[in-house]
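Asker:
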Amino acid sequence: MSSNVTNRKPNRDSLTAVNDDGSRFIIHPSDVSGRFTLARKVSAYALILVYAALPWVQIGGYPAVFLDTNAMRFHFFGMTFASQDLWLAFFLITGLGFGLFYVTALLGRIWCGWACPQTVFLEHVYRRIERFIEGDAIARRKLDSSPWGPRRIWKRGLKHAAFLGLSLLLAHMFMAYFVSVPGLWDMMREAPAENWKVFLFVFAFSGVLYFNFAWFREQLCIVICPYGRLQSALIDEHSMVIGYDEKRGEPRGKAKDEAAGDCIDCNRCVQVCPTGIDIRQGLQMECIGCSACIDACDTVMDKLKRDRGLIRYDSMEGLAGRKTRYLRPRMILYTALLLLGAVVLAFSLQGLGSASMTAWRTPGAPYFTNNELVRNQFMVRVTNKSNEGSFYRLELDKQLPEARVMGVGEPFFIDGNGELVKPVVIVVDRDRYTGGFSMTVRVVDDQGKTLMQRPLEFIGPTKKLAN
Ligand code: SF4
Ligand code: SF4
């Protein structure tokens, strides 16, 4: 791994995080302050607070967000989804996808710079710790190039110990979303062998977090993240991006040079960039929209008593001095698709009952028959998705005077978030048997309201064979 003793000049034709010989170039962005940096800090710490708090906040007796892998239930702000409701994930995933398309077409990489966990934790937690232990960017570069001695070993050791501890903490916080905080606490007090799968996951996930935040860093955005690579397809000339006003800034020159533009080529915008690029070279895939260069340049402009905004949030059209159009065909299409998805999801959620049901034929022979009867046997699983226990009843949609039906009609109790598998047996005497027929089994609550229904098929030998 090669360290950067100085900040080098970014080159559009090569990756900023890779040296010419292929080794890693460690980027040490300089500190920056300003209105966007402050706003980003506030939003990042608020997001971290939400991430840490969600498993602790109880709604309806369960954590606000709890993917209960043991019971195969997903509790989400008071709503409970069973595994049978998995189809709703389609709306969730497509909704998130279209939401991201929409936001990107309108606001560029606002997600990356302001809300992506990678940026939030790297810039506002890990780099802060690094800054605290090793000093500012210049001190960090010096430390990189200093010989291994007690000072470097101590600082590096302390930093990596802190990174490891933090990665372990974040992995445990993540696990709490799946096993709940009390569940996690119980597991932590037991021997690792008792819950070896969870232990292994937390261990491996901590390792991944440590590797990513301690070393891999901006390469995740540049090399791995597919969202960054999709940018050129998702944005257009009217999307808001962070850009350099070339008309105003060029030709670069000294502050006193009256023939020069506003850019004094101080390189501050490059020094603060966490991906090491020069935004003056135009919009680049590596730009995560963090706005650090805006604050850096605004500070320079303030000192020069020039207008802010040489680097700013604007569309490419706006930067070229033309008007930005917000209402564009792709925005109308994305809005329509998002609205359509939201309406379908709202209807689907309304239709989600407090109980669900699955029914299947008992494994083995599809039916039993002898000289006296034809018998079909089904299993019906009823899941109570509410947090309160309730009485239920199974009913068939039609009277079957020719048959004896067992398992239907009598009420049964299921605990909150519990389930019960009930056998339903239908027997038709051979002399009354006239062939197979269809019916519907439904689960009703104690008020008689149908909560869900499933089709059943009674089958037997063909009438000819039966006779
Ligand atoms: S910070 Fe502003 S003035 Fe300095 S090099 Fe960047 S664009 Fe030019
Ligand atoms: S170019 Fe500016 S906005 Fe883009 S990543 Fe670098 S500092 Fe952040």
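Under our numbering, the first residue of the sequence shown is numbered 194, with each subsequent residue one higher. By construction, the Cβ of each residue, glycine as well, lies at the ideal position given by its N, Cα and C atoms.
Can you check whether the CB of CYS462 is closer than 8 Å to the CB of CYS490?
Answerer: Against a cut-off of 8 Å, the Cβ pair of CYS462 and CYS490 comes out as a contact.
Asker: Just checking my contact of PHE356 with TYR319 at CB under 8 Å: how many whole Å lie between their CB atoms?
Answerer: With 8 Å as the limit, PHE356 and TYR319 qualify as a contact, their Cβ atoms being about 6 Å apart.
Asker: With H, G and I counted as helix, E and B as strand and the rest as coil, what does DSSP make of ASN569?
Answerer: Strand.
Asker: Does ligand 2 have a heavy atom nearer than 7 Å to the CB of GLY609?
Answerer: No, the Cβ of GLY609 stays beyond 7 Å of every heavy atom of ligand 2.
Asker: Name the DSSP bridge partner or partners of PHE630?
Answerer: Answer by DSSP bridge pairing, in chain order: PHE651.
Asker: Please state whether the Cβ-Cβ distance between PHE267 and VAL537 is less than 8 Å.
Answerer: It is not a contact, given that the beta carbons lie outside the stated cut-off.
Asker: Measuring alpha carbon to alpha carbon, tell me which residue in ARG382, MET599, CYS456 and CYS480 is nearest VAL617.
Answerer: The candidate whose alpha carbon is nearest that of VAL617 is MET599.
Asker: Within 7 Å: the Cβ of VAL416 and any heavy atom of ligand 2?
Answerer: For ligand 2, not one heavy atom lies less than 7 Å from the Cβ of VAL416.
Asker: On a Cα-Cα basis, can you pick out the residue from LEU613, ASN263, GLY292 and LYS234 that is closest to MET534?
Answerer: Note that residue 534 corresponds to Gly in the displayed sequence, not to Met. Residue GLY292 is the option with its Cα nearest to GLY534.
Asker: Taking Cβ positions, are GLY342 and MET433 nearer each other than 8 Å?
Answerer: Cβ atoms of GLY342 and MET433: not closer than 8 Å.
Asker: Count Cβ pairs between the stretch 614-633 and the stretch 571-585 that sit closer than 8 Å; are there 3 or more?
Answerer: Contact holds: three or more Cβ-Cβ distances are below 8 Å.
Asker: Kindly list the residues whose CB is nearer than 7 Å to the CB of VAL225, restricted to its own chain and excluding five residues on each side of it in sequence; keep chain order.
Answerer: These residues qualify, in order along the chain: VAL465, ALA485, ASP488 and ALA489.
Asker: Given 7 Å as the limit, tell me if ILE470 has its C-beta closer than that to any heavy atom belonging to ligand 2.
Answerer: Correct: ILE470 has its Cβ closer than 7 Å to ligand 2.
Asker: Is SER482 near ligand 2, in the sense that its beta carbon is under 7 Å from a heavy atom of that ligand?
Answerer: Residue identity differs from the one stated: residue 482 is Gly in this sequence, not Ser. GLY482: yes, Cβ under 7 Å from ligand 2.
Asker: Using the C-alpha atoms, what's the distance from TRP347 back to PHE259?
Answerer: Roughly 40 Å separates the two Cα atoms.
Asker: Looking at chain C, is there any beta carbon in it that lies within less than 8 Å of the beta carbon of TRP249?
Answerer: The question asks about chain C, but that chain is absent: this structure has only one protein chain.
Asker: Assess contact between the stretch 502-510 and the stretch 263-282, defined as three or more Cβ pairs (one per stretch) separated by less than 8 Å. Is contact present?
Answerer: Cβ pair count under 8 Å is below three, so no.
Asker: Quick one: is the Cβ of VAL434 within less than 7 Å of any heavy atom of ligand 1?
Answerer: It does not: the Cβ of VAL434 is nowhere closer than 7 Å to a heavy atom of ligand 1.
Asker: Cβ-heavy atom distance between CYS490 and ligand 2 below 7 Å?
Answerer: For ligand 2, not one heavy atom lies less than 7 Å from the Cβ of CYS490.
Asker: Rounded to whole angstroms, how far is the Cβ of GLN646 from the Cβ of THR655, which I believe are closer than 8 Å?
Answerer: Not really, about 28 Å apart at Cβ, beyond 8 Å.
Asker: Using DSSP with H/G/I as helix, E/B as strand and the rest coil, what is TRP249?
Answerer: In the structure shown, TRP249 sits in coil (DSSP, three-state: anything other than H, G, I, E or B).
Asker: Can you tell me whether ARG518 is buried or exposed? The criterion is at least 16 other CB atoms within 10 Å of its CB, across all chains shown.
Answerer: With fewer than 16 Cβ atoms within 10 Å of its Cβ, ARG518 is classed as exposed.
Asker: Between the C-alpha atoms of GLY227 and SER236, what's the straight-line distance to the nearest angstrom?
Answerer: Straight-line Cα distance between these residues: approximately 14 Å.
Asker: Reducing DSSP to helix, strand and coil, say where ILE435 ends up.
Answerer: Of the three classes helix, strand and coil, the one that applies to ILE435 here is strand, per DSSP.
Asker: Using only the heavy atoms of ligand 2, determine whether one of them is closer than 7 Å to the beta carbon of PRO467.
Answerer: Checking every heavy atom of ligand 2 against the Cβ of PRO467, one is found closer than 7 Å.
Asker: Run the proximity test for ALA667: is its beta-carbon closer than 7 Å to any non-hydrogen atom belonging to ligand 2?
Answerer: This structure leaves residue 667 out entirely; the chain is present only between 194 and 660.
Asker: If you measure between the beta carbons of MET509 and GLU430, is that distance less than 8 Å?
Answerer: Contact: yes.
Asker: Quickly, what does DSSP pair LEU613 with across the bridge? List them, please.
Answerer: BP columns for LEU613 point to VAL575.
Asker: Since ASP590 contacts ARG635 with CB under 8 Å, what's their CB separation in whole angstroms?
Answerer: Contact holds; Cβ gap of about 7 Å.
Asker: Compare the C-alpha of ARG523 against each of GLN477, SER399 and PHE294 and name the closest.
Answerer: Comparing Cα positions, the closest option is PHE294.
Asker: Please report the Cβ distance between VAL601 and VAL567, rounded to the nearest whole angstrom; I am assuming they are in contact, meaning their Cβ atoms lie under 8 Å.
Answerer: The Cβ separation is near 18 Å, so there is no contact.
Asker: Determine the DSSP secondary structure at MET478, reduced to helix, strand or coil.
Answerer: MET478 falls in the coil class under three-state DSSP.
Asker: Does ligand 2 have a heavy atom nearer than 7 Å to the CB of ALA485?
Answerer: True, at least one ligand heavy atom lies under 7 Å from that Cβ.
Asker: Taking Cβ positions, are LYS578 and ALA548 nearer each other than 8 Å?
Answerer: Yes.
Asker: Label ASN569 either buried or exposed according to how many other C-beta atoms from any shown protein chain fall within 10 Å of its C-beta, with 16 as the threshold for buried.
Answerer: By the 10 Å Cβ count, ASN569 comes out buried.
Asker: Taking its Cβ as the centre, do 16 or more other Cβ atoms sit within 10 Å of ILE525, making it buried, or is it exposed?
Answerer: Exposed is the call here.
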